[in-house]
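Chemist: Respectively, the protein sequence lines represent chains A and B.
Each residue of the first sequence is one higher than the one before, starting from 2 at the first, in our numbering.
Each residue of the second sequence is one higher than the one before, starting from 78 at the first, in our numbering.
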Amino acid sequence: MAQRNVNHAGQVSPAELHSEDHGHPDMEEMRKFGFWIYLMTDIIIFGTLFATYIVLKGNTNGGPGPADLFQIGGIIVSTFILLISSYTSGLAVLAMHKGNRQALMRWLGVTALLGAAFIAMEVNEFIHLVGEGATLSTSAFLSAFYTLVGTHGLHVLVGLVWMIAIIIQLGKHGITPVTKRKVHIISLFWHFLDVVWIFVFTIVYLMGVS
Amino acid sequence: MWEKVKSFASEFFVTGDPMIYGADVSIVLVTLAIIVGLSYFKKWGWLWREWLTTVDHKKIGIMYIIASFIMLFRGGVDALLMRAQLAMPNMEFLAADHYNQVFTTHGVIMILFMAMPFMFGLFNVIVPLQIGARDVAYPFLNALSFWLFFSGAMLFNLSFVIGGSPDAGWLAYPPYSGLMHNPGVGQDFYIWGIQISGIGSLMTGINFIVTILKMRAPGMKLMKMPMFPWSVLSSCIAIIFSFPILTATLALLFLDRYAGAHFFTLDGGGNPMMYINLIWMWGHPEVYIIVLPAFGIFSEIVSTFAKKKLFGYKSMVFAMIIISVLSFLVWAHHFFTMGSGADVNAFFALTTMLIAIPTGVKVFNWLFTMFRGKITFETPMLWTIGFIPCFVTGGMTGVLLSVAPADFQFHNSYFLVAHFHHVIIGGVVFGYFAGLYYWWPKLFGFKLNERIGKWAFWLWNIGFYLCFMPQYVLGLMGMTRRVYTYGWDKGWWEMNLVSTIGAGFMGIAFLFQIWQIIYSVKHLKKDETGDPWNGRTLEWSIPSPAPLYNFATLPQVSDQDEWWEEKQRRANGQQVPAKPVLEPIHMPKNSGIPIVMSMCWFLAGFGFVFHWQWLTIPGLIGVVACMLVHSFNYNNDYYIPVDEITRTESELRKVTS
Ligand code: HEM
Ligand SMILES: [Cu+2]
Chain A
2 MAQRNVNHAG QVSPAELHSE DHGHPDMEEM RKFGFWIYLM TDIIIFGTLF ATYIVLKGNT
62 NGGPGPADLF QIGGIIVSTF ILLISSYTSG LAVLAMHKGN RQALMRWLGV TALLGAAFIA
122 MEVNEFIHLV GEGATLSTSA FLSAFYTLVG THGLHVLVGL VWMIAIIIQL GKHGITPVTK
182 RKVHIISLFW HFLDVVWIFV FTIVYLMGVS
Chain B
78 MWEKVKSFAS EFFVTGDPMI YGADVSIVLV TLAIIVGLSY FKKWGWLWRE WLTTVDHKKI
138 GIMYIIASFI MLFRGGVDAL LMRAQLAMPN MEFLAADHYN QVFTTHGVIM ILFMAMPFMF
198 GLFNVIVPLQ IGARDVAYPF LNALSFWLFF SGAMLFNLSF VIGGSPDAGW LAYPPYSGLM
258 HNPGVGQDFY IWGIQISGIG SLMTGINFIV TILKMRAPGM KLMKMPMFPW SVLSSCIAII
318 FSFPILTATL ALLFLDRYAG AHFFTLDGGG NPMMYINLIW MWGHPEVYII VLPAFGIFSE
378 IVSTFAKKKL FGYKSMVFAM IIISVLSFLV WAHHFFTMGS GADVNAFFAL TTMLIAIPTG
438 VKVFNWLFTM FRGKITFETP MLWTIGFIPC FVTGGMTGVL LSVAPADFQF HNSYFLVAHF
498 HHVIIGGVVF GYFAGLYYWW PKLFGFKLNE RIGKWAFWLW NIGFYLCFMP QYVLGLMGMT
558 RRVYTYGWDK GWWEMNLVST IGAGFMGIAF LFQIWQIIYS VKHLKKDETG DPWNGRTLEW
618 SIPSPAPLYN FATLPQVSDQ DEWWEEKQRR ANGQQVPAKP VLEPIHMPKN SGIPIVMSMC
678 WFLAGFGFVF HWQWLTIPGL IGVVACMLVH SFNYNNDYYI PVDEITRTES ELRKVTS
């Protein structure tokens, strides 16, 4: 980087000092590494929920089953929305590597909008299902369904709030090693949620209606 | 209006038991005393700046250890209450439902709020020093972990006086822990107390993995790392794979109770066996999580007090990794009797027996390390020597339990109670005590009194065998666990009485330890060397207590027992390489966010327990707000200037060098 980043107190940002400071662990790299480990633990949470879903899938308690409930059309649309948002978050990272802050913020904004659309569709689906009398307490199958899909949705929601916070920080501080790391991590998280969704889509919806 | 308040209070507070009124009074008195004391001595600011907002791993570690001692006291009182009730047939000291609450809280507190924080305390105070680091990888997260643990523990303990304690056993098996059979708030306290502290444990697991993998001093290859960090690494690997299962499982149980879901209920298609599988997929690794660090501690102590290099370093490392992996493949040995069929039982019996092999390897390595060593028997070494026969025999009864057909006889009897206390007390508790005695001088700059320590050691050991050996026999005589009383006709009373006497010995032993600490503080003899045991690893190369930044200059490591080798080199008159020049040291700033955020979690959890949305929602909003405030704060570190380091060092090393 040609220019040193100076933070609002007028000091050279510590992270900047650090990357020149040999023998020290690189703080930003270390945070990314920790995030990878966090993602592994999240995979295990989802793994537990998937296992529960698979075990309880058949226990519909005389109520509606997957094939009676799911409307695959809407799900395919929201799947595409999420896939595209993963792509736009990738574009954001590319813009960051080019040092283009405007494009970076714009693409993150687009990603967040797509994420919001995904959540809106999911909430809509849940409302529709509840309207048909299929609630969390109808059967073990539905308990597992709402919990698995809802946990993914909750993750997307958290990612969304986080992404907005990062966009604001980019506006304030520009592209620095710290904000760079943050963008890397949020886009990693976003791709991760995309991958989890592929499994939700396949195991819950596709295998449910077929 | 008054009637309303009265009826609310009679449900909100636990009433009708003189012991609980006594607890109410003492809680209020202690709280008042603390508040008055802090105000009188004008210590609030000090407390806030130096402790409540600290991100220093050494202080966080000390807070963990203090909390775990308080919890050991509470869990120990529970144990004595139970043993008093069982001392004689037909006792009417604890009623049946009260007994259920006491064994449940005893089990949860001992494992999750005593053993875990004790372990995290030792991780914190020692790992960075041993690997030559200035802090853990994420100091802020580390403070957050501690406060989450603390909030969870407080929430859980509150159930004793508010709302009522959980009573479904330490693992809360459904359907009994479900709403249908357990409509009170006790199980919700259980869920949120463990959930909140569990998130902290998970983060600590991540934190120490990164610390150990990324922050070792230059030259310290993994295979040159001391054994304690290795044990921490293997324990943390088990944490990051098992605690997410716990988080998910408790969340599902909570949804059953709170939102009417049907995961583990008897109706609606729920499956209680699913819970029992899941909870043990966490529960079994959990017991290895707490015992692996104890193995690491013993390894350090054995080689220090035998003044020899640890025997079989590589096999020790592999044994721990293998144990940590195998611990995930044995969970069903906790329910051989639940009808999984012969094939499944055979598989889990075999994997369980396999764990005995790496464990045996470790035991032989310790013995070979001692062989022909010049052993001295200070208290840390005493605990180690006490541990070996205790753990070996306790492990052998475990192998007996793993024989699936035989387990149909042993299952849920006092044989099992004796077995797990045998390995947990003999392994974990003895191990952490050994570690505390060993590293105490590093933490506080003085040794604990040896004479009182030896009394405590012998009382603990005699008490232990008196208490638990009779329980094996009781188990074989047909006494099942979790019974609150028995009749004269059973022929169990002699053994039970002996067992209770043994428990009393352990209670007295604990008092000796407290006295030992008080006595040693009063007759304080400062250790000026920083290396009172003639240690082998890096933590002994710096003054005690260690300065804020631990190492003024990062050590350059070339050997497994670097400090020992360094001392040899110096004694042989080999030239000591010139000290590198000092540079400003990069440090994290203190932060109030961890404690505030954890308090918000506490409020949210309390709201969940009582279905008070007006409290839950602000609590959760507070949590999110804290995260955002932290994310927006770019001013969270500073540099210690060189002249300040020079000044601190020359003060600390005045006598040392
Ligand atoms: C210090 C001496 C101790 C004594 C005298 C003691 C005594 C007891 C007793 C009487 C029970 C109830 C047995 C029953 O009725 O089924 C029990 C259960 C239990 N104890 Fe201890 N205990 C001690 C230490 C510990 C420690 C250090 C731990 C763990 C770190 C521990 C963990 C447990 C667990 C998990 C249970 C099972 C609770 C349940 O049934 O759900 N105990 N103990
Ligand atoms: Cu087990």
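Glycine residues also receive a C-beta, built at the ideal position from the N, C-alpha and C atoms.
Predicted, not measured: the structure shown is a model, and the values here were computed from it.
For the putative contact between Val49 (chain A) and Pro321 (chain B), defined by C-beta atoms under 8 Å, what is the C-beta separation to the nearest angstrom?
Modeler: The identity of residue 49 (chain A) in the sequence shown is Thr, whereas the question assumes Val. Going by Cβ atoms, the distance from Thr49 (chain A) to Pro321 (chain B) rounds to 7 Å, so yes, they are a contact pair.
Chemist: Is it buried or exposed, Tyr141 (chain B), if we count other Cβ atoms within 10 angstroms and call 16 or more buried?
Modeler: Counting Cβ neighbours within 10 Å, Tyr141 (chain B) comes out buried, since at least 16 surround it.
Chemist: At a cut-off of 7 Å, is His361 (chain B) close to ligand 2 when judged by its beta-carbon and the heavy atoms of the ligand?
Modeler: Yes, the Cβ of His361 (chain B) comes within 7 Å of a heavy atom of ligand 2.
Chemist: In terms of residues, what are the limits of the alpha helix (DSSP H) holding Ile208 (chain B)?
Modeler: Element bounds for Ile208 (chain B): n/a, residue is neither H nor E.
Chemist: Determine, using beta carbons only, whether His129 (chain A) comes closer than 8 Å to chain B.
Modeler: His129 (chain A) does not count as touching chain B.
Chemist: When we look at the beta-carbon of Gly503 (chain B) and count the other beta-carbons within 10 Å, is it buried (16 or more) or exposed?
Modeler: Classification of Gly503 (chain B): buried, given that the 10 Å Cβ count is 16 or more.
Chemist: So, using beta-carbon positions, are Thr80 (chain A) and Phe200 (chain A) closer together than 8 Å?
Modeler: No, these two residues do not count as a Cβ contact at 8 Å.
Chemist: Report, in whole angstroms, the separation of the C-beta atoms of Tyr561 (chain B) and Ala173 (chain B), which I expect to be a contact under 8 Å.
Modeler: Indeed they touch by this definition, with Cβ atoms about 5 Å apart.
Chemist: Between Leu705 (chain B) and Ala166 (chain A), is the Cβ-Cβ spacing less than 8 Å?
Modeler: Against a cut-off of 8 Å, the Cβ pair of Ala166 (chain A) and Leu705 (chain B) comes out as a contact.
Chemist: Report the rounded CA-to-CA distance for Ile73 (chain A) versus Ile82 (chain A), giving the unit in angstroms.
Modeler: One C-alpha to the other measures close to 14 Å.
Chemist: Ala328 (chain B): which of A:Ala121, A:Leu130, A:Ile76 and A:Ser144 sits nearest, CA to CA?
Modeler: The candidate whose alpha carbon is nearest that of Ala328 (chain B) is A:Ser144.
Chemist: In the DSSP assignment, find the alpha helix (DSSP H) that holds Tyr491 (chain B) and state where it starts and stops.
Modeler: Tyr491 to Val500 is the extent of the alpha helix (DSSP H) around Tyr491 (chain B).
Chemist: Say whether chain A places a C-beta atom closer than 8 Å to the C-beta of Ile283 (chain B).
Modeler: Answer yes: the Cβ-Cβ gap between Ile283 (chain B) and chain A drops below 8 Å somewhere.
Chemist: Starting from Gly35 (chain A), find everything on chain B with Cβ-Cβ shorter than 7 Å and list it in chain order.
Modeler: By Cβ distance, chain B contributes Ala214, Tyr215, Ile283 and Val287.
Chemist: Any heavy atom of ligand 2 closer than 7 Å to the CB of Val364 (chain B)?
Modeler: Val364 (chain B) Cβ: within cutoff of ligand 2.
Chemist: Using 7 Å as the cut-off, classify the Cβ of Val407 (chain B) as near or not near the heavy atoms of ligand 4, replying yes or no.
Modeler: No copy of ligand 4 occurs in the structure displayed; its ligands are ligand 1 and ligand 2 alone.
Chemist: Helix, strand or coil for Ile662 (chain B), going by three-state DSSP, please let me know.
Modeler: Three-state result, Ile662 (chain B): strand.
Chemist: Taking Ile619 (chain B) as part of the beta strand (DSSP E), name the residues at either end of that continuous run.
Modeler: Premise fails: Ile619 (chain B) is in no beta strand (DSSP E) and is neither H nor E.
Chemist: Using a Cβ-Cβ distance under 8 Å, would Tyr711 (chain B) count as near chain A?
Modeler: So, interface residue.
Chemist: Could you tell me the distance, in whole angstroms, from the CA atom of Ile176 (chain A) to the CA atom of Arg107 (chain A)?
Modeler: Taking the straight line joining both Cα atoms gives about 14 Å.
Chemist: Just by C-beta distance, which residues in the segment 342-360 of chain B are closer than 7 Å to chain A?
Modeler: From the segment 342-360 of chain B, only Gly345, Gly346, Gly347, Asn348, Met351 and Leu355 have a Cβ closer than 7 Å to chain A.
Chemist: Short of 8 Å in beta carbon distance, which residues of its chain neighbour Trp610 (chain B), apart from the five on each side in sequence? Order them along the chain.
Modeler: Closer than 8 Å at Cβ, skipping near neighbours: Thr381, Phe382, Glu455, Pro457, Tyr515, Pro518 and Trp617.
Chemist: List, in order along the chain, the chain B residues whose C-beta lies closer than 8 Å to that of Val220 (chain A)?
Modeler: Not covered by the structure: residue 220 (chain A). The range shown for chain A is 2 to 211.
Chemist: Taking C-beta pairs closer than 8 Å, name the residues in chain B that Ser138 (chain A) reaches, listed in chain order.
Modeler: Within chain B, the residues near Ser138 (chain A) are Ala336, Gly337, Ala338, His339 and Gly345.
Chemist: Applying a beta-carbon distance threshold of less than 9 Å, which residues of chain B neighbour Ile38 (chain A)?
Modeler: Per Cβ cutoff of 9 Å: Gly282, Ile283, Ile286, Val287 and Ile317.
Chemist: Check whether the segment 386-404 of chain B touches the segment 534-544 of chain B, taking contact to mean three or more Cβ pairs, one atom from each stretch, closer than 8 Å.
Modeler: Flag = no, the segment 386-404 of chain B and the segment 534-544 of chain B do not touch.
Chemist: Name the chain A residues that come within less than 7 Å of Ser708 (chain B), Cβ to Cβ?
Modeler: Those are Ala166, listed as they occur along chain A.
Chemist: Would a check of beta-carbon distances place Lys291 (chain B) closer than 8 Å to chain A?
Modeler: Taking Cβ atoms only, chain A reaches closer than 8 Å to Lys291 (chain B), which makes this a yes.
Chemist: Flag Val111 (chain A) as yes if its beta-carbon sits less than 8 Å from any beta-carbon of chain B, otherwise no.
Modeler: Output row for Val111 (chain A): interface = no.
Chemist: Kindly indicate which three-state DSSP category Lys439 (chain B) falls into: helix, strand or coil?
Modeler: Helix, per DSSP.
Chemist: Shorter than 7 Å, the distance from the beta carbon of His488 (chain B) to the closest heavy atom of ligand 2, or not?
Modeler: The answer is no for His488 (chain B).
Chemist: At a Cβ cut of 7 Å, what residues of the segment 170-201 of chain A count as close to chain B, listed as they run along the chain?
Modeler: For the segment 170-201 of chain A, which is checked against every Cβ of chain B, the residues closer than 7 Å are Gln170, His174 and Val179.
Chemist: Going residue by residue through the segment 103-178 of chain A, where are the continuous beta strand (DSSP E) segments of at least 3 residues, counting only ones entirely within it?
Modeler: Segments of the beta strand (DSSP E) lying fully in the segment 103-178 of chain A: there are none.
Chemist: Please return the same chain residues whose Cβ sits closer than 6 Å to the Cβ of Ala3 (chain A), not counting the five positions on each side in sequence.
Modeler: Because the pLDDT of Ala3 (chain A) is 35, which lies under 50, any placement of that residue in the model is unreliable, and the question is left without a value.
Chemist: Determine, using beta-carbon pairs with one atom in the segment 234-241 of chain B and one in the segment 158-170 of chain B, whether at least three such pairs fall under 8 Å.
Modeler: Output reads no: the segment 158-170 of chain B does not touch the segment 234-241 of chain B.
Chemist: According to DSSP, Tyr715 (chain B) sits in a beta bridge with which residue or residues?
Modeler: Bridge partners of Tyr715 (chain B): B:Met664.
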